[in-house]
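Residue numbers (our numbering), protein chains in the order written: chain F, 27 to 280; chain H, 71 to 425; chain W, -10 to 172. Think of the CB as a built atom: it goes at the ideal place given N, C-alpha and C, for glycine as much as any other residue. So the structure is just underneath, and the comments pick up after that.
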Amino acid sequence: MAENLIKPENLVYKKTSVMTDKVMHYCPGCGHGTAHRILAEVIDEMGIQNETIGVAPVGCSVLAYNYFDVDMTEAAHGRAPAVATGIRRVFPEKYVFTYQGDGDLAAIGTAETIHACNRGENILIVFINNGIYGMTGGQMAPTTLEGMKSSTSPRGRDIKTMGNPLKITELVAQLPGSYFVTRQSVHTPGSVRKAKRAIKKAMEYQKLNKGTCLVEIVSNCNSGWKMTPVQANKWMEENMFPFFPLGDIKVPQE
Amino acid sequence: MKELRLMKGNEALAEAAIRAGADAYFGYPITPQSEVIEYLMAENPAERTGMVVLQAESELAAINMVYGAAGCGKKAMTSSSSPGISLKMEGISYIAGAELPCLIVNVVRGGPGLGTIQPSQSDYFQAVKGGGHGDYKLIVLAPATVQETVDYVKLGFDLAFKYRNPVMILSDGIIGQMMEKVELFEQQARSTEEPEWATVGKKPGRDHVIVTSLQLQSEEQEKVNLRLQAKYREIEKNEVRYETIMTEDAEYLFVAFGSAARITRKAMEMARAKGIKVGLLRPQTLFPYPYEAINKLADQVKGILTVEMNAGQMVEDVRLAVNGKVKVEHFGRFGGMIPNPDEILNALEQKIIGG
Amino acid sequence: MTEEIIIAGFGGQGVLSMGQILCYSGVMQGKEVSWMPSYGPEMRGGTANCTAIISDNSISSPVLNAFDTAIVLNQPSMDKFEDSVKPGGLLIYEHNGMTRKPRRKDINVWAIGAYDESLKMNNVKVFNMIVLGGFLKIKPIIEMGNVIKGLEKVLPERYHHLIPLNEEAINRGMSIISQENKV
């Protein structure tokens, strides 16, 4: 009975060919897989697989280059926007993206982020913000919320001694070099569709050479947060979204 | 017909980069090498050849821009001076690990720390031992004249692409700032080749290209290390370059590189005028190092003096080469002080001949 | 022939460009040359100097501690370089602004009033060319024709109309320099 249904005309979804068949190393429940997928789908739908070069960060998504079936460079921690600058400057006709986490983009790579955006490099920065260093085992990130526990803020982030969580996306939106800046999530079917539309817009804007596009995706880290995936998504809605509100922050003045 | 000009070392280097068909230069100002990026900006090579020139926000960013462009198969370069080179070491290690070609210029000033802006050779260890983290080597070219600076830009790019390895030109404040006659080679076209290892956009029918220095499996990382080591042995076999002056009848030998070799040459001329039979060996490549040539000369001479603008760095390689056959001593001035020929001759007489 | 020269003075006196013009002129005459400036913050308002070497043979060291000729244009430069002149060598100094005369008796000393002369020409910018003229009078190592060619190389094209003025300054320097000590 069931095998009769498995026919091409009955397919409602299939993996985009811009993703490789490598098994992902991400934890079950993590948002990275979904974020990867929608970015790959955009590349697929735009038909730009042969013209796209990606830059992977250091962090959980360090191996992103194994999953995207596009040419990719693995950058040093925080330096992805500089690497992407080098690529886009010698290939001004190609599509270039970076995929970076919060530690990479908003701590060690703050200078590279701000200056690439301030120069208005025509690249897309996909910024995954889960408020924690996932790969190294749940340390405090620049985006860790006040009072939020991590392995280096075991009694919760004390802003008096540890500083404030950094809204780098709002900061980037202030820069004249940034063109389209938005904050999205991928924790519900509806939010996934919205995030994908944002990424597609940002990718398309690259051809206009009008400046840097940054798409932040507020995501969960159920392992680092020590929660189940469902708990983590709920906690994210209740705690992360009030501080990092979703929506467009800077939209092009058409 | 080649073009003869009187140029500063740093400016000649920049002009040579344009003429060598460089695709991109990324840099950050620091004394005594800022003329490189100033000259490039003034020349506007985007118009001349399409070369990209960008002033980055830091040396870190600049070397990582080089990494990105080099990964695209492009002739990319950067230049800096000692403190800036320390900052670039992260990126240089990644570039060496990912086996990408690029050209890095260090117009050395004295250190440690912020040190002095005056000329020095105190980055010898950093340059020839790798400099950053991990088991790697740069090909290191040591020009002693403005002309060699120009020639090494071309040679440097050639070697970088031949071995897919970063190449460093180890200049210093003297060679960077001085003006000399220079013969410029003719403009070379920028390459349109797309190497198979470069991220140029995935071509139909081939796997996607990944430029990385990451290997999470130890077995894989060891394979990378072995491959790198085999490459370095190949470079040692093929690329040793040095110059000998008046070594045929030499009873003593100076070993010096870069600007120190020029001052030492003057000391050698003074010694010869006094009847001291001393010659000079000047390594032009610091990695690979002319161990064999020095070893052979150690059979002939009674003693060797290295002259360096540092506290004694290359002397270690000379001692390795000589392997105890004869006495090897070091004479150096540092901190931006430049040895004068008199004190070099005096050191030869005190430390080697009389010692 | 090898002539090893140090030229020193205040930043803004045209010390560095004088050395460059001399070297470029040397190139025009088929000589080997090298020019090495002092560099760094000391140039801004402070003292500046350059070493210019002109030779029939290839030049070994571009930096020296003894010179055939020292051209000193302010007191700190005289204090610093008077002792660096080789015995029997040449010291040329601009007497304007000096608080003392050179002490050495084992070298040839010539004085030049280039600053006053430049005022007479209503153009202090030719100061260094007047000094250069004085030097070339005593050591005619470069022909005038090649100096003009050197100027053409060093000066941007938009200043080429000033070359006759520079030539006049060089000639004036040749006529006003005077000897103070002879060995």
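Which residues, in chain order, does the stretch -7 to 26 of chain W contribute to contact with chain H at a C-beta distance below 8 Å?
9, 12, 13, 16, 21, 22, 23, 24, 25 and 26
Would you kindly work out how many angstroms separate the C-alpha atoms of residue 59 of chain F and residue 73 of chain H, rounded to a whole number?
58 Å
Within chain H, partners of residue 76 of chain F - CB distance below 8 Å:
271, 272, 273 and 274
Please state whether the Cβ-Cβ distance between residue 312 of chain H and residue 353 of chain H is less than 7 Å.
yes
Verify the CB distance criterion: does residue 91 of chain F have a CB-CB separation below 7 Å to chain H?
yes
Between residue 76 of chain H and chain W, is the shortest Cβ-Cβ distance under 7 Å, so that the two count as touching?
At a cut-off of 7 Å between beta carbons, residue 76 of chain H contacts chain W.
Just the Cα atoms here: how many angstroms apart are residue 269 of chain H and residue 239 of chain F?
22 Å
What are the residues that DSSP puts in a beta bridge with residue 104 of chain H?
Its beta-bridge partners do not exist; DSSP assigns none.
Local conformation of residue 71 of chain H per DSSP, three classes:
Confidence in residue 71 of chain H is poor, its pLDDT being 48 and thus under 50, which makes the residue's placement too unreliable to answer from.
Relative to the alpha-carbon of residue 212 of chain H, which residue among H/375, H/355 and H/342 has its alpha-carbon at the smallest distance?
H/355
Look at the Cβ atom of residue 264 of chain H, then the Cβ atom of residue 143 of chain H, and state whether they are nearer than 7 Å.
Yes, they are a contact pair.
Extract the residue ranges of the beta strand (DSSP E) inside the stretch 77 to 141 of chain H, only unbroken runs of 3 or more that lie entirely within it.
94 to 97 and 122 to 125
With DSSP as the reference, label residue 249 of chain H as helix, strand or coil.
strand
In the structure shown, what three-state DSSP assignment does residue 208 of chain F receive?
Look at residue 208 of chain F here: in three-state DSSP terms it is strand.
According to DSSP, is residue 354 of chain H helix, strand or coil?
coil
Determine, using beta carbons only, whether residue 347 of chain H comes closer than 7 Å to chain A.
Looking for chain A here will not work: the only protein chains present are F, H and W.
So does the stretch 100 to 113 of chain H actually touch the stretch 168 to 187 of chain H, counting three or more Cβ pairs closer than 8 Å?
yes
Are residue 99 of chain F and residue 142 of chain F touching if we call contact CB-CB under 7 Å?
no
Can you check whether the CB of residue 49 of chain W is closer than 7 Å to the CB of residue 336 of chain H?
yes
Beta-carbon of residue 333 of chain H versus every beta-carbon of chain W: anything under 7 Å?
yes
Starting from residue 400 of chain H, follow the beta strand (DSSP E) in both directions and report where the run begins and ends.
397 to 402 is the extent of the beta strand (DSSP E) around residue 400 of chain H.
Quick check: is the beta carbon of residue 51 of chain W nearer than 7 Å to any beta carbon in chain H?
Interface with chain H (7 Å Cβ-Cβ cutoff): residue 51 of chain W is included.
Among W/165, W/146, W/117 and W/132, the one whose alpha carbon lies nearest that of residue 9 of chain W:
W/117
Assuming residue 86 of chain W contacts residue 64 of chain W under a Cβ cut-off of 8 Å, what Cβ separation, rounded to an integer in Å, is found between them?
7 Å
Using DSSP bridges, identify the partner residues of residue 242 of chain H.
H/178
Please return the same chain residues whose Cβ sits closer than 6 Å to the Cβ of residue 32 of chain W, not counting the five positions on each side in sequence.
Below a pLDDT of 50, predicted positions are generally treated as unreliable, and residue 32 of chain W, at 49, falls in that range; the measurement from the model is reported next regardless. Correct list, in chain order: 0.
Beta-carbon within less than 6 Å of residue 62 of chain W's beta-carbon, same chain only, minus the 5 sequence neighbours each way: which residues are those?
-2, 2 and 83
Closest by CA to residue 421 of chain H, which one among H/407, H/373 and H/76?
H/373
Which parts of the stretch 145 to 216 of chain H are runs of the alpha helix (DSSP H), unbroken and 4 residues or longer, counting only runs that do not cross its ends?
Annotation: the stretch 145 to 216 of chain H contains the following complete segments of the alpha helix (DSSP H) (minimum length 4 residues), in chain order: 152 to 167 and 194 to 198.
Taking CB distances under 7 Å as the criterion, tell me whether residue 54 of chain W reaches chain H.
yes
Let me know the secondary structure DSSP gives residue 74 of chain F once reduced to three states.
Of the three classes helix, strand and coil, the one that applies to residue 74 of chain F here is coil, per DSSP.
Starting from the C-beta of residue 199 of chain F, find all residues in its chain whose C-beta is less than 6 Å away, skip the five residues before and the five after it, and write them out in chain order.
207, 275 and 276
Am I right that residue 157 of chain F and residue 170 of chain F are in contact with their C-beta atoms under 8 Å? What's the rounded C-beta distance?
5 Å
Can you tell me whether residue 312 of chain H is helix, strand or coil according to DSSP?
Here residue 312 of chain H sits in strand by DSSP.
Less than 7 Å between CB atoms is the rule here; does residue 206 of chain H satisfy it with respect to chain F?
no
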